[in-house]
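Residue 342 in this note's numbering sits at position 153 of the sequence shown, and the numbers go up by one each step. We treat Cβ as the ideally placed atom computed from N, Cα and C, and that holds for glycine. For reference, the structure is listed below as structure tokens.
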Amino acid sequence: MTVTSEHPRQGLSPDSTGRTSRSGKSNRLGLRVVATLTVVGLATVGIGASAAHAVDGINIATAGTYPVGIATDSAGNVYTANSGSDNVSKITPAGVSTILATTGDGPYAIAVDSAGNVYTTNSNANNVSKITPAGVSTILGTTGDAPRSIAVDSAGNVYTGNEVSDNVSKITPAGVSTILGTTGDSPSSIAVDSAGNVYTANNLADNVSKITPAGVSTIFATVGDSPVAMVIDYAGTLFVANRLDENVSKVTSAGVSTILGGLDGTRPVGGAALDRFGNLFLTSQFDLVWMF
Numbered sequence: 190m191t192v193t194s195e196h197p198r199q200g201l202s203p204d205s206t207g208r209t210s211r212s213g214k215s216n217r218l219g220l221r222v223v224a225t226l227t228v229v230g231l232a233t234v235g236i237g238a239s240a241a242h243a244v245d246g247i248n249i250a251t252a253g254t255y256p257v258g259i260a261t262d263s264a265g266n267v268y269t270a271n272s273g274s275d276n277v278s279k280i281t282p283a284g285v286s287t288i289l290a291t292t293g294d295g296p297y298a299i300a301v302d303s304a305g306n307v308y309t310t311n312s313n314a315n316n317v318s319k320i321t322p323a324g325v326s327t328i329l330g331t332t333g334d335a336p337r338s339i340a341v342d343s344a345g346n347v348y349t350g351n352e353v354s355d356n357v358s359k360i361t362p363a364g365v366s367t368i369l370g371t372t373g374d375s376p377s378s379i380a381v382d383s384a385g386n387v388y389t390a391n392n393l394a395d396n397v398s399k400i401t402p403a404g405v406s407t408i409f410a411t412v413g414d415s416p417v418a419m420v421i422d423y424a425g426t427l428f429v430a431n432r433l434d435e436n437v438s439k440v441t442s443a444g445v446s447t448i449l450g451g452l453d454g455t456r457p458v459g460g461a462a463l464d465r466f467g468n469l470f471l472t473s474q475f476d477l478v479w480m481f
């Protein structure tokens with residue numbers, strides 16, 4: 190299984206049951222809350238059409254300060270990268286919230302591997318933290334400048350999209366860090382396919398880069414204006430949320446790009462996820478979640 194993460198302004202992550210969680214707005218105490226939504230209550234309007242205003246989430250727990258990234262594991266636990274408090278919250282399916290561990294400075298994106306290890310990109314420190322299920326936190330390796338997206342492949346290699354240095358870092362399970370390849374301008378989201386190819390959505394270039402395991406980088410496809418989030422399915426199809434065009438691009442494994450649908454005049458804000466049924470979820474302005 191390939192685990193991916195996006196540019197998480199308001200992260201969105203489904204668990205194995207199809208339950209979807211997202212980080213939310215600040216409450217009056219300056220903390221942040223996590224909302225959970227279920228597939229029930231979301232209505233699609235035909236194939237590829239966006240859902241009408243989706244149901245509101247239910248606040249299930251309080252996280253640390255300013256949680257920007259969110260991920261789930263196979264057991265349904267939710268994890269948030271708390272950029273304001275430099276730590277990770279773990280929230281059980283019952284809604285019990287604890288601080289799992291500390292991170293480096295400015296944790297931004299977060300991912301979980303199949304063994305339950307949690308990884309965060311620390312955008313102010315240019316490195317990646319690894320946190321074991323027992324809560325032991327270490328710095329796994331260094332990255333390029335401003336890592337703000339993260340993905341983990343089935344072998345446990347970690348990849349980060351580095352927005353300022355326009356490249357991708359690869360960190361092995363042993364902590365060996367290298368620059369895998371260059372990207373387009375400002376990679377805001379990253380994904381890995383089953384063959385080990387890495388893809389980035391390039392926010393200022395309106396395209397997608399593909400980097401092979403050997404480090405060969407090409408422009409794979411063009412997408413809409415200002416892509417902010419991207420996910421990949423098991424067939425290698427990419428779904429890219431385009432902020433300024435207020436729509437979603439679908440890119441096949443052959444690099445053919447089409448517009449899947451629109452968001453009814455609202456802009457995606459950086460959350461994208463696929464559930465096990467193949468439903469695509471996006472977060473947008475006005476605290477909306479869309480399903481395609």
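I need the straight-line Cα distance from Y348 to S274, nearest angstrom please.
24 Å
Extent of the continuous beta strand (DSSP E) run through Y297
P296 to V301
Are at least three pairs of beta-carbons, each pair with one atom in the stretch 444-454 and one in the stretch 362-372, less than 8 Å apart?
No, the stretch 444-454 does not touch the stretch 362-372.
Do the CB positions of G258 and A314 come within less than 8 Å of each other?
no
Are the beta-carbon atoms belonging to V277 and A290 less than 8 Å from one another?
yes
Closest residue to V325 among V437, V458, N468 and T292 (Cα-Cα distance)
T292
Nearest candidate by alpha-carbon position, reference L433, set F409, V417, L427 and I288:
Considering only alpha carbons, the answer is V417.
In angstroms, rounded to a whole number, what distance separates the CA positions of K294 and G467?
According to the sequence shown, residue 294 is Asp rather than Lys. Taking the straight line from one Cα to the other gives about 35 Å.
Could you pull out every unbroken alpha helix (DSSP H) segment of at least 4 residues lying fully inside the stretch 335-415, listed in chain order?
none
Rounded separation between D395 and G413 - CA only:
6 Å
Where F409 and F470 are concerned, what is the direct C-alpha to C-alpha distance, given to the nearest angstrom?
Note on geometry: alpha-carbon atoms of F409 and F470 lie some 23 Å from one another.
Our contact map puts A340 next to A300 with C-beta atoms below 8 Å; I'd like the distance itself, whole angstroms only.
6 Å
Measure the alpha-carbon distance for T407 versus V285 and round it to whole angstroms.
Cα to Cα, the separation comes out at about 45 Å.
Tell me, to the nearest whole angstrom, how far the beta carbon of D464 is from that of I421; I am working on the premise that it is less than 8 Å.
Actually they are not in contact, since the Cβ atoms of D464 and I421 sit about 14 Å apart, beyond 8 Å.
Can you name, in chain order, every residue of its own chain whose Cβ lies under 7 Å from the Cβ of G235, other than the five neighbours on each side?
Confidence at G235 is low in this model, with a pLDDT of 29, below 50, so the placement of that residue is unreliable and no value is reported for it.
State the Cα-Cα distance for the pair R217 and N386, rounded to the nearest angstrom.
With a pLDDT of 32 at R217, under the threshold of 50, the modelled position of that residue is not reliable, and the figure given next carries that caveat. Roughly 43 Å between the two C-alpha positions.
Buried versus exposed call for F475 [16 or more other C-beta atoms within 10 Å across all chains shown]
F475 should be labelled exposed.
Looking at G370 and V357, is the spacing between their C-beta atoms short of 8 Å?
Yes, the pair counts as a contact, with Cβ atoms nearer than the cut-off.
CA-CA distance, V181 and Y308?
Nothing about residue 181 can be read from this structure; the chain reaches only from 190 to 481.
Mind checking Y423: buried by the 16 CB within 10 Å criterion, or exposed?
It is exposed - the Cβ of Y423 has fewer than 16 other Cβ atoms within 10 Å.
Taking all protein chains shown into account, do 16 or more other C-beta atoms lie within 10 angstroms of the C-beta of S377, making it buried, or fewer, making it exposed?
Buried, by the Cβ-count rule.
Under a Cβ-count criterion, where at least 16 other Cβ atoms within 10 Å of its own Cβ denotes burial, should G459 be classed as buried or exposed?
The residue is buried, with at least 16 neighbouring Cβ atoms inside 10 Å.
Distance between L393 and G454 (C-alpha atoms, nearest Å)
Distance from the CA of G454 to the CA of L393, rounded to the nearest whole angstrom, comes to 21 Å.
Contact set for A335: own chain, Cβ-Cβ below 8 Å, skip 5 residues either direction:
S312, N315, N351, E352, V353 and S354
First through last residue of the beta strand (DSSP E) which encompasses F466:
Note, F466: premise wrong, no beta strand (DSSP E); not H, not E.
Grab the span of the beta strand (DSSP E) containing V445 for me, first residue to last.
First-last for V445: undefined, no H or E at that position.
When we look at the beta-carbon of A283 and count the other beta-carbons within 10 Å, is it buried (16 or more) or exposed?
exposed
Beta-carbon proximity list for Y268, same chain, < 8 Å, skipping 5 on both sides:
I259, A260, T261, D262, V277, S278, K279, I280, L289, I299, V301 and V307
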